[in-house]
Amino acid sequence: MSYAEVYQAWKNDPEGFWLEQARAIDWVEAPKQALFDRGDHIYEWFADAQVNTCYNAVDRHVEAGRGAQAAIIYDSPVTGTKRRITYAELQDQVAHFAGALAARGIEKGDRVIIYMPMIPETAVAMLACARLGAIHSVVFGGFASNELAVRIDDAKPKAVIAASCGIEPGRTVAYKPLLDGAIDLATHKPDFTVVFQRPELAAELTEGRDHDWTAFVEGAEAAPCVPVRGDHPVYILYTSGTTGAPKGVVRPTGGHLVALQWTMKNIYNVDPGEVFWAASDVGWVVGHSYIVYAPLIAGNTTVLFEGKPVGTPDASTFWRVIAEHDVKSFFTAPTAFRAVKREDPKAEMMAGHDISGLRAIYLAGERADPDTIEWAQKVTGKPIYDHWWQTETGWTIAGMPAGIEEMPVKIGSPSVPMPGYDVQVLDEGGHPVAPGELGAIAIRLPLPPGTLPTLWNAPERFRKSYLSHFPGYYETGDAGRVDEDGYLYIMARTDDVINVAGHRLSTGAMEEVLAGHPDVAECAVIGVADDFKGQLPMGFVCLTKGVNRPEAEIEAECVKRVRDQIGPVAAFKLCKVVDRLPKTRSGKILRRTMANIADGEAFRMPATIDDPAIVDEMRDALKTLGYPKG
Numbered sequence: 001m002s003y004a005e006v007y008q009a010w011k012n013d014p015e016g017f018w019l020e021q022a023r024a025i026d027w028v029e030a031p032k033q034a035l036f037d038r039g040d041h042i043y044e045w046f047a048d049a050q051v052n053t054c055y056n057a058v059d060r061h062v063e064a065g066r067g068a069q070a071a072i073i074y075d076s077p078v079t080g081t082k083r084r085i086t087y088a089e090l091q092d093q094v095a096h097f098a099g100a101l102a103a104r105g106i107e108k109g110d111r112v113i114i115y116m117p118m119i120p121e122t123a124v125a126m127l128a129c130a131r132l133g134a135i136h137s138v139v140f141g142g143f144a145s146n147e148l149a150v151r152i153d154d155a156k157p158k159a160v161i162a163a164s165c166g167i168e169p170g171r172t173v174a175y176k177p178l179l180d181g182a183i184d185l186a187t188h189k190p191d192f193t194v195v196f197q198r199p200e201l202a203a204e205l206t207e208g209r210d211h212d213w214t215a216f217v218e219g220a221e222a223a224p225c226v227p228v229r230g231d232h233p234v235y236i237l238y239t240s241g242t243t244g245a246p247k248g249v250v251r252p253t254g255g256h257l258v259a260l261q262w263t264m265k266n267i268y269n270v271d272p273g274e275v276f277w278a279a280s281d282v283g284w285v286v287g288h289s290y291i292v293y294a295p296l297i298a299g300n301t302t303v304l305f306e307g308k309p310v311g312t313p314d315a316s317t318f319w320r321v322i323a324e325h326d327v328k329s330f331f332t333a334p335t336a337f338r339a340v341k342r343e344d345p346k347a348e349m350m351a352g353h354d355i356s357g358l359r360a361i362y363l364a365g366e367r368a369d370p371d372t373i374e375w376a377q378k379v380t381g382k383p384i385y386d387h388w389w390q391t392e393t394g395w396t397i398a399g400m401p402a403g404i405e406e407m408p409v410k411i412g413s414p415s416v417p418m419p420g421y422d423v424q425v426l427d428e429g430g431h432p433v434a435p436g437e438l439g440a441i442a443i444r445l446p447l448p449p450g451t452l453p454t455l456w457n458a459p460e461r462f463r464k465s466y467l468s469h470f471p472g473y474y475e476t477g478d479a480g481r482v483d484e485d486g487y488l489y490i491m492a493r494t495d496d497v498i499n500v501a502g503h504r505l506s507t508g509a510m511e512e513v514l515a516g517h518p519d520v521a522e523c524a525v526i527g528v529a530d531d532f533k534g535q536l537p538m539g540f541v542c543l544t545k546g547v548n549r550p551e552a553e554i555e556a557e558c559v560k561r562v563r564d565q566i567g568p569v570a571a572f573k574l575c576k577v578v579d580r581l582p583k584t585r586s587g588k589i590l591r592r593t594m595a596n597i598a599d600g601e602a603f604r605m606p607a608t609i610d611d612p613a614i615v616d617e618m619r620d621a622l623k624t625l626g627y628p629k630g
């Protein structure tokens with residue numbers, strides 16, 4: 001079947017389509033009904049079924065005779081460690097760790113916070129919770145104590161599982177003092193913690209509360225998989241809210257299994273036994289969906305990588321890992337490729353690394369600018385597929401269905417909507433706009449399996465955040481357009497569509513133009529307040545390594561490019577060369593924070609910011625442009 005036929009088959013019979021896909025999952029009690037309408041635009045999938053996530057991700061592969069296959073390849077250039085863990089070994093580790101948790105009173109419905117780095121034990125902890133029907137919430141290892149405390153008070157975990165430290169290029173981050181600080185700050189106190197002691201830095205344990213991982217598991221019995229309802233949460237993942245208070249996205253078990261199983265072949269085009277690598281972190285939704293769960297559910301081998309695209313040790317790391325582990329499908333963020341391109345613009349460090357086995361590269365997490373895609377296509381010779389989704393959806397909204405049909409790539413577009421997503425571009429009144437027109441991107445309800453049904457302990461906030469603006473739709477918060485062929489273009493967050501003297505302009509379109517400058521490695525455009533025009537665009541550019549020209553000259557060229565290609569209506573006059581941009585740990589550029597600084601507004605330091613010192617650097621750069629005014 002072609003993509004168009006598959007998509008139409010879903011449209012013709014949405015419930016029948018997803019019940020058919022559900023047959024790929026091993027159920028304790030199979031679903032008899034796909035969709036449950038709870039009223040007032042609230043929906044649930046497979047609520048009548050009984051199933052276990054860990055069984056589908058681990059045990060069923062061992063029982064099918066594939067226990068000797070590698071489940072996880074751990075590759076850690078920051079510690080010089082490599083390990084291969086088979087499905088049989090993973091089953092043994094997960095079952096015994098789950099048994100140890102059960103012996104301490106963890107049971108179905110209990111919450112467990114996991115505060116760990118990119119090590120195999122993190123996946124073991126997640127799967128052990130799922131094995132028991134406990135609801136895990138992974139928080140980035142190294143998150144500040146106050147941020148962790150907020151999550152402890154919201155999730156009210158019975159236990160916290162942590163590691164003694166995380167390893168960053170050039171430094172070791174002690175986690176235990178941060179965890180202790182969070183527990184002191186939190187109103188809710190967990191019953192106990194388990195700490196995995198890493199050889200790089202051991203933690204001091206608090207007697208009576210903290211348990212050493214190894215001693216904790218010693219003598220534990222293997223726990224069986226506990227069946228849960230299809231609508232039972234497998235995890236809560238906190239995402240930043242616009243108010244600063246984190247939103248706990250709930251991921252229901254049944255839909256999560258069905259959707260992720262479907263994606264591995266249909267989107268990422270990998271078969272059981274093949275190696276899949278998502279270069280992300282388990283603290284992000286990409287790490288949940290495509291480092292831990294989807295590859296294991298589908299019987300793939302997943303690469304768990306503890307390092308960076310550059311600096312561990314250099315810009316050859318991606319190519320080395322792909323070649324060494326025979327990665328068939330690779331998923332990363334555009335910012336990672338921009339970092340590689342900046343360090344090694346001619347990809348000379350690819351020499352000696354055979355990536356011929358790689359089929360395709362997938363980009364997501366932020367908008368992929370055409371210049372980065374074209375560079376990656378040129379140096380790798382591989383298809384580069386941008387695709388778009390969110391923490392809330394858990395899997396692809398729009399992408400390339402490479403396992404169904406390799407359709408033409410349109411650079412700048414994440415391609416077409418996946419089955420389950422009826423994507424519309426709306427004006428402020430909620431009416432569809434014409435092809436090519438910019439508008440708010442919304443998805444007609446119900447959302448497909450695997451997407452959020454609500455927020456943890458915050459149903460009203462869920463309605464207000466996602467359902468109230470466009471009744472009958474899920475509001476994505478992104479702005480864009482659809483072309484005549486049905487390809488979607490994500491141009492900016494709706495907050496990043498700026499109004500210059502009455503003209504609605506996309507900052508993403510301006511970033512495309514700046515990224516096309518031969519000396520620009522990375523860029524960001526924000527809207528700043530202006531008394532005369534309402535808002536003005538302001539650009540920041542980072543230069544490619546080795547560029548040795550006057551910055552003022554490059555800034556003037558950037559201004560001219562935008563005025564030539566977007567037009568004088570953009571009123572683009574403000575551009576500044578900077579060493580780096582403020583980003584989250586996943587590489588997303590913090591444009592709203594930049595705009596707040598430029599406008600002189602108070603702002604809350606984002607919990608996910610990679611390096612808080614960048615804020616002072618931004619203030620210095622803005623001063624040279626005369627901002628904030630007054």
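If you read the sequence shown in UniProt numbering, its first letter stands for residue 1, the second for the next number, and so on.
Idealized CB from N, CA, C, for every residue including glycine.
Computed from a predicted structure; not experimentally measured.
Under the rule that 16 or more other beta-carbon atoms within 10 Å means buried, what is residue i, buried or exposed?
| i | result |
| --- | --- |
| N457 | exposed |
| Q91 | buried |
| V525 | buried |
| residue 632 | Nothing in the structure corresponds to residue 632, since the chain is present only between 1 and 630. |
| V416 | buried |
| F17 | buried |
| R591 | buried |
| Q8 | exposed |
| D531 | exposed |
| N499 | exposed |
| G450 | buried |
| S2 | exposed |
| G587 | buried |
| A134 | buried |
| E121 | buried |
Return the chain-ordered list of same chain residues with a C-beta closer than 6 Å to the C-beta of residue i, the five sequence neighbours on each side being excluded.
| i | result |
| --- | --- |
| V234 | T53, A130, R251, T253, H256 |
| Y268 | S329 |
| G403 | K265, N266, N269 |
| R585 | T608, D610 |
| residue 676 | Absent from the model: residue 676. The displayed extent of the chain is 1 to 630, so no value can be given. |
| K278 | It should be pointed out that residue 278 corresponds to Ala in this sequence rather than to Lys. Cβ within range, chain order: V286, Y290, I291, F331. |
| G357 | D326 |
| A323 | H353, D354, I355 |
| A501 | K533 |
Hey, residue i and residue j are a contact pair by Cβ (cut 8 Å); roughly how many whole angstroms apart?
| i | j | result |
| --- | --- | --- |
| V303 | V327 | 7 Å |
| W395 | Q21 | Rounded, the Cβ-Cβ distance is 12 Å, inconsistent with contact. |
| A315 | V340 | 5 Å |
| V51 | W27 | 5 Å |
| E555 | D369 | Not really, about 19 Å apart at Cβ, beyond 8 Å. |
| A222 | A182 | Going by Cβ atoms, the distance from A222 to A182 rounds to 31 Å, so no, they are not a contact pair. |
| V615 | I589 | Not really, about 13 Å apart at Cβ, beyond 8 Å. |
Find out if the Cβ-Cβ distance for the pair residue i, residue j is shorter than 8 Å.
| i | j | result |
| --- | --- | --- |
| A570 | V562 | yes |
| T454 | V78 | no |
| E366 | T335 | yes |
| A34 | E5 | no |
| G67 | Y87 | yes |
| G472 | H41 | yes |
| F192 | A245 | no |
| M349 | W319 | yes |
Which residues in the same chain as residue i place their Cβ atom closer than 8 Å to its Cβ, once the five residues preceding and following it in sequence are excluded?
| i | result |
| --- | --- |
| P612 | M605 |
| T391 | L237, T239, V249, W284, V285 |
| A103 | A220, E221 |
Spatial neighbours of residue i within its chain, please: C-beta separation below 7 Å, excluding the five flanking residues on both sides.
| i | result |
| --- | --- |
| G477 | R493, T494 |
| G166 | P117, G141, G142, V173, Y175 |
| E460 | none |
| D427 | V433, G439 |
Closer than 8 Å, CB to CB, is residue i near chain D or not?
| i | result |
| --- | --- |
| L185 | Note that chain D does not occur in the displayed structure, where there is just one protein chain. |
task = May I have a chain-ordered list of the beta strand (DSSP E) segments no shorter than 3 residues that lie completely inside the stretch 183-236?
result = Inside the stretch 183-236, DSSP marks whole beta strand (DSSP E) runs of 3 or more residues at positions 192-196, 210-212, from first to last along the chain.
task = Could you pull out every unbroken beta strand (DSSP E) segment of at least 3 residues lying fully inside the UniProt domain "Acetyl-coenzyme A synthetase N-terminal" (3-57), listed in chain order?
result = Here the runs fully enclosed are 35-39, 42-45.
query = What alpha helix (DSSP H) runs, 4 residues minimum, are completely inside the stretch 319-359?
reply = Fully enclosed alpha helix (DSSP H) runs of 4 or longer: 334-343.
key: Entirely enclosed beta strand (DSSP E) segments - the UniProt domain "AMP-binding enzyme C-terminal" (510-588), minimum 3 residues   = Runs of the beta strand (DSSP E) inside the UniProt domain "AMP-binding enzyme C-terminal" (510-588): 520-530, 534-543, 574-577.
inquiry  = Suppose only complete runs of 4+ residues qualify. What are the alpha helix (DSSP H) ranges in the stretch 104-169, listed by chain order?
reply    = You should have 120-132, 145-155.
ask   = Going along the chain, which unbroken runs of the beta strand (DSSP E) with 3 or more residues stay wholly within the stretch 64-101?
value = Every beta strand (DSSP E) stretch that sits fully inside the stretch 64-101 and reaches 3 residues is listed by chain position as 70-76, 81-86.
query = What are the uninterrupted segments assigned as alpha helix (DSSP H) that are 4 or more residues long and contained completely in the stretch 419-461, given in chain order?
reply = Listed in chain order, nothing qualifies, since the stretch 419-461 has no complete alpha helix (DSSP H) run of 4 or more residues.
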